[in-house]
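Data first, discussion second: the structure below is written as structure tokens.
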Amino acid sequence: DIFHLGAAGAGQVGKMVNNLILWACTCANDEGLRLGEALGVEADKLRGALHHASAQNWAMDQRSDRSGMPWAEKDMSIVLHEADLARLSLPLSGTVKETIKGLKIRLGYGLPHGSD
Numbered sequence: 057d058i059f060h061l062g063a064a065g066a067g068q069v070g071k072m073v074n075n076l077i078l079w080a081c082t083c084a085n086d087e088g089l090r091l092g093e094a095l096g097v098e099a100d101k102l103r104g105a106l107h108h109a110s111a112q113n114w115a116m117d118q119r120s121d122r123s124g125m126p127w128a129e130k131d132m133s134i135v136l137h138e139a140d141l142a143r144l145s146l147p148l149s150g151t152v153k154e155t156i157k158g159l160k161i162r163l164g165y166g167l168p169h170g171s172d
């Protein structure tokens, strides 16, 4: 699908916002499923139930954490840079960037981007 968002550059803003929400959902999915497992609920069963609940999201359905997330940190760095230029405080975005680092290491995807 193609969506016209406005003047030149608006599409890039749309993609950046999409990526921010994708990686935030990926982090929330991971934390929620880990909490469920720690409290005795199997992740696959919980994921199946959440698919039909208000927590349902594309990242959970597609298992974006399984992709290796090669661009997650870069995407979040762009978000934070653009927010800084716009003089916006986006504390959740900073938390997502830091959470992605730990998630990638925990899932065995190696060192965070730029640390090799």
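Residue numbers (the numbering used here): 57 to 172. C-beta atoms are modelled at their ideal positions from N, C-alpha and C, and glycine is treated no differently. As the structure is a prediction and not an experimental result, all values here were calculated from the model.
Bounding residues of the alpha helix (DSSP H) (the contiguous stretch that carries residue i)
i      : result
Asp140 : 128-141
Ala84  : 66-94
Arg122 : It is not in any alpha helix (DSSP H) - Arg122 carries neither H nor E in the DSSP assignment.
Leu163 : No alpha helix (DSSP H) contains Leu163, which DSSP labels as neither H nor E.
Gly104 : 99-106
Residue i and residue j closer than 9 Å at C-beta
i      : j      : result
Ser133 : Leu76  : no
Asn113 : Cys83  : no
His108 : Met116 : no
Thr155 : Glu87  : yes
Nearest neighbour of residue i, chosen from the options [CA to CA]
i      : options                       : result
Ser123 : Lys71, Leu144, Trp79, His60   : Trp79
Leu159 : Ala105, Ala128, Asn113, Met72 : Ala128
Lys130 : Leu141, Lys157, Leu61         : Lys157
Ala111 : Gln118, Asn85, Ala142         : Asn85
TODO: Mind the definition here: the stretch 98-108 touches the stretch 64-73 only if three or more C-beta pairs lie below 8 Å; say whether that holds.
DONE: Between the stretch 98-108 and the stretch 64-73 there are fewer than three inter-stretch CB-CB distances shorter than 8 Å, so the stretches are not counted as touching.
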